[in-house]
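The sequence shown maps to residues 1043 to 1142 in our numbering.
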Amino acid sequence: MMNTSHNFRFIERDYWYHKALCNTDSLLPDQIEELLNETNSHYCDYTFKFYDDGSVKIIDNDTNNLVKPRELTGAVYDFYIRKRIHLIKTSLQEKQLQYA
């Protein structure tokens, strides 16, 4: 049986931009961009490969290095957990339909 992967890219800066855009009525898109630029923060850019066997490969797109799940923090950790839960639920639903 082939172990397929489900690939997702997480760009932290885009995450914070979208979150600010959705949660405020007083900031314009250009103002949000300006605020994000002022923080001088390093924003994560990761590719997640979730495999059907439950394993995951996380690649830092800036360095091409592998990242371990226990090294994740903040928004990227939240993304990882939410995707993992979503994929587990989807897999369980597919199995229920298959064996029902």
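Glycine included, every Cβ here is placed at the ideal spot set by N, Cα and C.
Item	Value
Secondary structure of L1134, DSSP reduced to three states	helix
Span separating the alpha-carbon of L1139 from that of L1129	15 Å
Exposure label - C1086; buried when at least 16 CB within 10 Å	buried
S1047 beta carbon less than 9 Å from that of K1099	yes
Stretch pair the stretch 1065 to 1081 + the stretch 1099 to 1116: three plus CB contacts closer than 8 Å	no
C1064 to Y1093 span [Cα, whole Å]	31 Å
Length-filtered (4 minimum) alpha helix (DSSP H) runs lying within the stretch 1053 to 1092	1054 to 1064 and 1071 to 1080
Top-ranked residue by Cα proximity to T1105, from Y1141, H1084, T1066 and Y1057	H1084
Per-residue burial, Y1088 [other beta carbons within 10 Å of its own, 16 or more giving buried]	buried
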